[in-house]
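Encoded as structure tokens, the structure appears first; notes follow it.
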Amino acid sequence: MFTGIVTDVGRVRAVQSPPEGEAGDLRFVFDTAYDPATLALGASVCCAGVCLTVVETHAQGFAVDVSAETLSKTTLGDWDAGTPVNLERSLRMGDELGGHLVYGHVDALARVVDAYPEGDSWRYLFEVPQALAQYVAPKGSIALDGVSLTVNEVEGNRFGVNIIPHTRDVTTFGQREAGSLLNCEIDMLARYVARMLAAGGEDKE
Numbered sequence: 001m002f003t004g005i006v007t008d009v010g011r012v013r014a015v016q017s018p019p020e021g022e023a024g025d026l027r028f029v030f031d032t033a034y035d036p037a038t039l040a041l042g043a044s045v046c047c048a049g050v051c052l053t054v055v056e057t058h059a060q061g062f063a064v065d066v067s068a069e070t071l072s073k074t075t076l077g078d079w080d081a082g083t084p085v086n087l088e089r090s091l092r093m094g095d096e097l098g099g100h101l102v103y104g105h106v107d108a109l110a111r112v113v114d115a116y117p118e119g120d121s122w123r124y125l126f127e128v129p130q131a132l133a134q135y136v137a138p139k140g141s142i143a144l145d146g147v148s149l150t151v152n153e154v155e156g157n158r159f160g161v162n163i164i165p166h167t168r169d170v171t172t173f174g175q176r177e178a179g180s181l182l183n184c185e186i187d188m189l190a191r192y193v194a195r196m197l198a199a200g201g202e203d204k205e
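Structural data, given as structure tokens:
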């Protein structure tokens, strides 16, 4: 479990096939500012919004194995050597919950429709699949590439957020523009509320 507060922007060092006999369809090797001595094998790291398991460490970072299913449902299939990636280590008891609870389970890809300066921040307009729109609410939380953000407004299957300069500087948002795809995870609370409302309607029938 994570908070949506990015603590490092790592880079893909290499994309490899996992060693023979090991699970996974691709292995991503990352360089990061994290001390690899503190990354235990089996630890969870949120990589651009995707919860992945550390399978190996090296002097400058760590490696994860990724299945074909994850590659097809996220932006990971487009990563190659040099790709910058938002990283966050898993939440520990006693840690500050600065964003909202993020699970690292991507629901869909969000497409940037527009991005432009607005006052002292940047305005981003996103589009998500219609089936996901019911879970996106004004002033609600959403995770995009692992970043916890507050939704400003919603119109159909489009919604807007504002990104402050600090967030653009310490995440990959500074490189996102119209047409970019981001991993999107809706707020789990919104999902449960929608499910309860739907179940309530079924009970009345």
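Residues 1 to 205, numbered by UniProt numbering, are exactly what the sequence shown covers, in order.
Using N, Cα and C, we set each Cβ at its ideal position, and we do this for glycine too.
This one's a predicted model, so the numbers in the text were calculated from it and none came from an experiment.
Checklist entry - Going by C-alpha distance, which of GLU185, VAL15 and ARG13 is nearest ALA108? => result Position 108 of the sequence shown, counting from 1, holds the residue named residue 108. Cα-wise, what sits closest to ALA108 is GLU185.
Checklist entry - CB-CB under 8 Å to ALA40, same chain, minus the five flanking residues each way: which ones, in chain order? => result As a first step, residue 40 is located in the sequence shown; it is residue number 40 there, counting from the start. The answer, listed in chain order, is VAL54.
Item to check | Uninterrupted beta strand (DSSP E) stretches inside the segment 3-59 (no shorter than 3 residues) | outcome: 8-16, 26-31, 44-47 and 50-58
Item to check | Distance between ARG191 and SER148 (C-alpha atoms, nearest Å) | outcome: Locating residue 148 in the sequence shown gives position 148, counting from the first residue. Locating residue 191 in the sequence shown gives position 191, counting from the first residue. Roughly 16 Å between the two C-alpha positions.
Next on the checklist: With distance defined between alpha-carbon atoms, name the residue in ASP187, ARG13 and PHE2 nearest to PHE62.
Outcome noted: Within the sequence shown, numbered from 1, the residue matching residue 62 stands at position 62. When only C-alpha atoms are compared, the closest one is ARG13.
Checklist entry - Across which residues does DSSP place LEU181 in a beta bridge pair? => result Here residue 181 refers to the residue found at position 181 when the sequence shown is read from its first residue. According to DSSP, LEU181 bridges with ARG111.
Checklist entry - Quick one: any contact between the segment 83-90 and the segment 42-51, if contact means 3 or more CB pairs under 8 Å? => result yes
Item to check | Beta-bridge pairing of TRP79 - partner residues as DSSP gives them | outcome: Start at 1 with the first residue of the sequence shown, and residue 79 comes out as number 79. None; TRP79 has no bridge partner.
Checklist entry - Which one of ASP78, ALA110, MET93 and TYR103 has the shortest CA to CA distance from ASN183? => result One-based indexing of the sequence shown puts residue 183 at position 183. Nearest C-alpha to ASN183: ALA110.
Checklist entry - Near HIS100, what residues of its chain come up, given a Cβ to Cβ distance below 8 Å and the 5 sequence neighbours on each side ignored? => result Residue 100 sits at position 100 when you count from the first residue of the sequence shown. The residues are THR3, GLY4, SER141, ALA143, SER148 and ASP187.
Checklist entry - Between the segment 147-166 and the segment 112-131, do at least 3 Cβ pairs fall closer than 8 Å? => result yes
Item to check | Proximal residues to VAL113 (C-beta, below 8 Å), its chain only, five neighbours per side dropped | outcome: The residue labelled residue 113 in the question sits at position 113 within the sequence shown. So the list reads LEU125, PHE126, GLU127, ARG158 and ALA178, once near-sequence residues are dropped.
Item to check | Whether ARG11 touches GLY104 by CB criterion (8 Å) | outcome: As a working mapping, residue 11 is identified with position 11 in the sequence shown. As a working mapping, residue 104 is identified with position 104 in the sequence shown. No, the pair does not count as a contact, with Cβ atoms beyond the cut-off.
Next on the checklist: Quick check for students: name the residue ranges of the alpha helix (DSSP H) that lie wholly in the segment 97-141, counting only runs of 4 or more.
Outcome noted: none
Checklist entry - If you run the structure through DSSP and keep just helix, strand and coil, what is THR171? => result Residue 171 sits at position 171 when you count from the first residue of the sequence shown. Of the three classes helix, strand and coil, the one that applies to THR171 here is coil, per DSSP.
Next on the checklist: In whole angstroms, give me the CA-to-CA distance for LEU197 and CYS51.
Outcome noted: Taking the sequence shown and counting its residues from 1, the one referred to as residue 197 is at position 197. Taking the sequence shown and counting its residues from 1, the one referred to as residue 51 is at position 51. LEU197 and CYS51: Cα-Cα distance of roughly 29 Å.
Checklist entry - If PRO18 and ASP65 are in contact, beta carbons under 8 Å, what's the gap, nearest whole angstrom? => result By one-based count along the sequence shown, residue 18 stands at place 18. By one-based count along the sequence shown, residue 65 stands at place 65. Between ASP65 and PRO18 the Cβ distance is about 5 Å, and since that is below 8 Å, they are a contact.
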